[in-house]
Every structure is written in structure tokens, then in C-alpha cells.
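Participant: Numbering (my numbering), first residue to last: 46 to 449. Take this structure first; my questions come after.
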Ligand code: AMP
Ligand code: MG
């Protein structure tokens with residue numbers, strides 16, 4: 046039985062980026078570059094003023110000086126005439142500096158009367174000028190393949206005139222729930238019926254990665270129903286099933302996957318919750334069989350599925366970094382498995398503090414709702430003292446805690 050890390054490695058070694066496409070830069074947020082992007086021109090494109098002020102020759106301003114104003118270059122204007130000795134040209138931020146100018150005096154440091162600008166003291170050459178190429182030189186690879194496109198990268202791409210960008214394809218992920226007890230949300234409840242929350246929860250988790258979920262609905266606990274839905278699911282780039290993966294007599298998922306040609310890479314991982322998770326591959330497509338319990342399904346998604354989907358979409362950093370948090374109270378567990386403890390996180394004086402989010406039984410969904418993070422408790426340990434620092438996986442925004 047693989048450990049948490051081994052199982053995750055098996056999954057990550059099995060998947061690869063899914064291919065590339067070109068998308069409009071304005072729609073590329075959250076996507077990953079599939080090719081290096083080199084600068085087609087330098088940034089800035091020409092020397093320009095960093096301030097609203099006066100373009101001057103520094104040589105004229107070695108001490109207090111009075112310069113005749115001979116022109117005006119607004120933003121968007123062009124540097125027509127040069128700055129002659131003893132003269133200054135009024136200039137706005139971003140406007141190209143005129144020939145002869147090697148410094149800009151901001152309005153705040155100049156006074157103007159009778160068409161002349163009075164300079165109070167020495168002006169340093171190059172001050173308040175942004176020089177051609179000082180930010181990016183032409184030909185520089187500014188954004189390497191594998192870069193996640195955030196607002197700054199979008200800004201860079203746009204500044205370099207890139208209308209379209211090569212990005213890895215978004216993956217389509219089939220989501221299948223299994224079980225005779227399930228009804229869909231909106232159907233009338235009855236005793237013994239369980240609302241299929243997993244399809245919606247897993248689809249939401251898929252969407253959070255940037256991938257697109259394809260909902261297949263419910264496979265009933267018979268071979269034909271499973272087989273039909275699983276074949277349909279294998280048309281997507283990845284398939285996630287929930288439930289029916291334990292050792293119960295109606296747990297048919299693994300059997301039908303094997304009959305469909307899905308090659309099993311592991312079944313059962315040394316973690317709690319989420320022990321019965323299975324993983325296999327068919328024609329380069331990953332198939333994740335998550336436990337049915339809604340808490341286990343979401344935790345195993347976090348542990349194994351999310352990193353895989355991110356890798357398929359070209360991301361380099363696919364595992365959330367763990368951070369250290371101080372335990373607010375003592376925690377005990379059995380030896381043998383990594384435990385994912387659902388914890389609330391408080392940030393005090395810049396430090397993380399973790400306290401149990403409640404009953405850790407896998408049947409308790411409320412504790413998952415109250416959790417900001419999963420503390421990853423090592424397999425070999427059994428007790429953790431209050432005040433001890435442990436690894437936690439932050440599950441998202443902790444700025445907005447569900448406990449407030
Ligand atoms: P199983 O893995 O089939 O033994 O299911 C474990 C538990 O998860 C049972 O209590 C199921 O009713 C519950 N469960 C299974 N599938 C879903 C689902 N799609 N939505 C919500 N609960 C589910
Ligand atoms: Mg079942």
C-alpha cells in the first residue's frame with residue numbers, strides 16, 4: 046500500500062500536460078504558458094519622462110539656473126524639437142524625452158515665471174527618465190514556458206503586443222457518482238436516500254483548479270450501469286468516480302474499470318481519511334476512484350486529484366506548500382497512517398495557529414465546512430502536544446474564515 050507521498054508521486058508521474066492552444070491575452074488569466082515568450086521590442090520602447098516636469102540638459106543645471114521654456118510634449122506627443130542649451134521643454138509623464146535632454150525636473154521642484162523655469166539647485170544627469178530597454182530588452186525571454194498567467198503576466202504580454210498567447214489546454218474532467226442510495230439534488234427526499242452532493246462538490250473542486258467538469262450523473266450498483274457511464278467518462282481527459290471503491294459486495298467501480306481496460310496503479314493508500322482511494326490509467330488518461338464519503342472524497346481530491354489536474358494543465362507547482370502552524374490543543378492518532386486533521390486557522394502576530402475544526406469522524410461534513418486547512422500528521426507519530434508546530438495544507442483563502 047503506497048504512502049501519501051508515494052501515491053501522489055505515482056499519480057504525478059502518470060500524467061503530463063494535455064496539449065496547447067492559443068487564446069486571447071485578455072482571456073488567459075489562470076492559464077499556463079505552453080511556450081517561452083520573448084520580448085518583440087524593448088520596454089520602455091523609447092526614453093521617456095517618469096514625471097510631469099521640464100526636460101533639461103543636466104549640464105545647464107549644475108547649480109541654480111534659469112531656463113527658457115521652448116516647447117511642450119504632452120503624453121502621447123512626440124519629441125519634435127531638441128532641448129537647446131539654456132532651454133527647457135515642458136513634458137508630461139510617459140512622453141518621449143526630446144533630443145538633448147538628459148534629465149527631467151519635476152514640477153514640484155521648479156518655479157515658472159515669464160516663460161522661464163527657475164531651477165533651485167544641481168540636477169543629476171539621468172534623473173526621472175525611463176530609458177529604452179531598462180525594463181525588458183528586445184529578445185529577452187521574459188515569460189518562460191510553464192509560467193502561470195496572473196495579472197502581472199497579462200500586463201507584460203499586453204505591453205509586448207502579444208494579442209494571443211500559447212497556453213496549455215484546459216482539461217475536461219468527467220465526474221461520476223455511484224450508488225443505489227443516491228438521488229439528485231431537487232428530487233424528493235425519502236428515508237435511505239442520500240442526495241448526490243459529491244458530484245457537485247467534486248465538480249466545484251475541479252472548477253477551482255481551472256479545469257472543466259463534465260457531470261455524468263449517477264451509476265447504479267449494477268455492472269451495466271457502471272460500464273455505460275465509465276465508457277462515457279473515458280471520453281473526457283480524466284475521470285473521477287466517487288464511492289463503490291471499498292470492499293463491499295456492491296462496490297463495483299474497480300471491477301468495471303478493470304474490464305474497461307483501466308490499468309490499476311494503486312488501490313488503497315496509507316492515509317486517513319481516504320484509505321480506499323484507487324488510481325489507474327487508460328490510454329494516457331487518469332482515472333481516480335475516490336471514496337464515497339463526502340469528506341473523504343474532498344480530502345482525496347485535494348491530496349491526489351488537484352495536483353494531477355494542475356500538472357495536466359501545465360502548472361509547475363502543483364502541490365500547495367505546507368506551512369507550519371502551532372497546535373492549539375493536544376492531538377492523538379493511531380500509528381500507521383498519515384492523518385489529515387481538519388483544522389481551523391487563526392493568524393495572530395503573523396503566525397498560524399491550528400485548532401481542531403471539530404469531530405474528526407469522516408461522517409462529519411460540518412467539520413470540513415469549518416476547516417481552513419488540513420494538518421498533515423505523520424504516519425509514525427501518535428500524539429502531538431499543544432504548542433507543537435505541525436505541517437498544514439491551507440485549503441484556500443484563510444482571510445475569510447468560515448468560523449467568523
Ligand atoms: P461507499 O463508498 O459507497 O461505501 O459510500 C460511503 C458513504 O458515502 C455512504 O454513506 C454513501 O451514502 C456516501 N455517498 C456515496 N456517494 C455519495 C454521493 N455521491 N454524495 C453523497 N454521499 C455519498
Ligand atoms: Mg456504495
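We put the beta carbon where it would ideally sit given N, CA and C, even for glycine.
I want to check one thing, is the minimum distance from the CB of residue 318 to the heavy atoms of ligand 1 below 7 Å?
Facilitator: Within the chain shown, the letter at position 273 stands for residue 318. No; taking the cut-off as 7 Å, the Cβ of residue 318 has no heavy atom of ligand 1 nearer than that.
Participant: What I want to know is whether the C-beta of residue 268 ends up closer than 7 Å to one or more non-hydrogen atoms of ligand 1.
Facilitator: To locate residue 268, count along the chain shown from 1; it is residue 223. No.
Participant: Cβ of residue 416 versus every heavy atom of ligand 1: is any distance shorter than 7 Å?
Facilitator: Against the chain shown, residue 416 aligns to sequence position 371. No.
Participant: Assess contact between the stretch 350–360 and the stretch 241–259, defined as three or more Cβ pairs (one per stretch) separated by less than 8 Å. Is contact present?
Facilitator: Yes, the stretch 350–360 touches the stretch 241–259.
Participant: Using only alpha-carbon positions, find the residue among 233, 441, 116 that is nearest to residue 416.
Facilitator: Locating residue 416 in the chain shown gives position 371, where the first residue counts as 1. Closest by alpha carbon: 441.
Participant: Taking 7 Å as the cut-off, is the CB of residue 336 close to at least one heavy atom of ligand 1?
Facilitator: Walking along the chain shown from the start, residue 336 turns up at place 291. Yes.
Participant: May I ask you to verify whether the stretch 52–64 touches the stretch 319–337, counting CB pairs closer than 8 Å and requiring at least 3?
Facilitator: With the cut-off at 8 Å, the stretch 52–64 and the stretch 319–337 touch.
Participant: I think residue 355 touches residue 285, with their Cβ atoms under 8 Å apart; what is that distance to the nearest whole Å?
Facilitator: One-based indexing of the chain shown puts residue 355 at position 310. One-based indexing of the chain shown puts residue 285 at position 240. Actually they do not touch by this definition, with Cβ atoms about 14 Å apart.
Participant: Comparing alpha-carbon positions, which option in 368, 200, 322, 265 lies nearest residue 73?
Facilitator: As a first step, residue 73 must be located in the chain shown, where it is residue number 28. Nearest option by C-alpha distance: 200.
Participant: Helix or strand or just coil, what does DSSP make of residue 326?
Facilitator: Here residue 326 refers to the residue found at position 281 when the chain shown is read from its first residue. In this structure, residue 326 counts as strand in the three-state DSSP scheme.
Participant: Assuming residue 243 contacts residue 87 (C-beta within less than 8 Å), just tell me the rounded distance between them.
Facilitator: The residue you call residue 243 lines up with position 198 of the chain shown. The residue you call residue 87 lines up with position 42 of the chain shown. That pair is no contact at about 53 Å.
Participant: Out of 110, 145, 122, which has the shortest C-alpha to C-alpha gap to residue 166?
Facilitator: Along the chain shown, one-based indexing puts residue 166 at 121. Measuring from the Cα of residue 166, the nearest candidate turns out to be 110.
Participant: From 99, 115, 434, 94, pick the residue whose C-alpha is nearest to that of residue 121; which is it?
Facilitator: Numbered from 1 along the chain shown, position 76 holds the residue referred to as residue 121. Minimum Cα distance to residue 121 is reached at 94.
Participant: Does residue 143 come out as helix, strand or coil in the three-state DSSP assignment?
Facilitator: By 1-based counting over the chain shown, the position of residue 143 is 98. Correct three-state label for residue 143: coil.
Participant: Does DSSP put residue 125 in a helix, a strand or coil?
Facilitator: Taking the first residue of the chain shown as position 1, residue 125 is located at position 80. In the structure shown, residue 125 sits in coil (DSSP, three-state: anything other than H, G, I, E or B).
Participant: Answer yes or no: the CB of residue 226 versus the heavy atoms of ligand 1, is any distance below 7 Å?
Facilitator: Numbered from its first residue, the chain shown carries residue 226 at position 181. Yes, the Cβ of residue 226 comes within 7 Å of a heavy atom of ligand 1.
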